[in-house]
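One structure is given here, and the rest of the page talks about it.
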Amino acid sequence: MTKRKLIDDQWRCYNITDLGCNGPRDVCEYCGYPNLRFAHHLKRSTGEIMVVGCCCASQICSNYNGVEAERIMMNYAGRRKHWASRVWLRSARGNDHIKIGDLAGGIFGSGGAIGWWARLNGAPCEFGKDKYPTQVEAKLALFDYISPAKDEIYRALKETTNV
Ligand SMILES: [Zn+2]
């Protein structure tokens with residue numbers, strides 16, 4: 045890897061990918077650092093694209109705080125990780141439900157023999173059709189519906205970019 049790409053004020057970060065705690069690692073296309081959990085996707089006004097780590101992203105995009113963006117994404121990953129193990133209310137049939145503000149949702153199954161479904165009051169019918177092999181996976185599907193990663197990425201980029 046060489047620092048062949050020209051740095052100027054025309055780069056901006058448009059996406060962040062989280063490869064997870066135990067996932068594969070990305071390589072920074074700018075400095076060659078091989079152990080990136082978070083990949084920052086940069087785009088230049090001319091259309092050129094580059095995937096880099098947080099420090100290079102902050103350097104290349106003069107108005108972007110890659111470290112802070114990663115902090116927001118880590119926080120989101122932590123919330124998602126703890127979601128399934130938080131306190132849920134359990135019905136007599138063993139179905140867990142949760143109420144957060146105006147949101148009320150539940151996980152329904154047949155003791156896990158057939159599978160588990162996630163339901164959310166007020167959600168469109170399309171949500172809740174998928175079946176999950178475990179209760180935890182159904183709970184994570186509910187989390188992903190309530191707090192989609194794309195919303196959090198949008199927030200992280202918006203809060204850490206000064207344009
Ligand atoms: Zn780098």
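Position one of the sequence shown corresponds to residue 45 (the numbering used here), numbered consecutively onward. Backbone N, C-alpha and C define an ideal beta-carbon position, used for all residues, glycine too. Computed from a predicted model, the values in this text were never measured in an experiment.
Check                                                                                                        : Outcome
Contact set for G111: own chain, Cβ-Cβ below 8 Å, skip 5 residues either direction                           : With the sequence shown as reference, residue 111 is identified as Val, and Gly is not the correct amino acid for it. Closer than 8 Å at the Cβ level, and outside the excluded window around V111, lie C98, C99, S102.
Any non-hydrogen atom of ligand 1 within 7 Å of G159 CB                                                      : no
Where G64 falls, given that 16 or more other Cβ within 10 Å makes a residue buried                           : exposed
I104 classed as buried or exposed, judged by whether at least 16 other C-beta atoms fall within 10 angstroms : buried
Residue nearest to W132 in terms of C-alpha spacing, selected from E170, L186, R81                           : L186
Beta bridge counterpart(s) of G153 as assigned by DSSP                                                       : W160
Length at least 3, wholly inside the stretch 60-99: the beta strand (DSSP E) runs in chain order             : 82-88, 93-96
Nearest neighbour of E181, chosen from G159, I190, A193, K194 [CA to CA]                                     : G159
Exposure of R81, with buried meaning 16 or more beta-carbon neighbours within 10 Å                           : buried
Proximal residues to S106 (C-beta, below 6 Å), its chain only, five neighbours per side dropped              : D53
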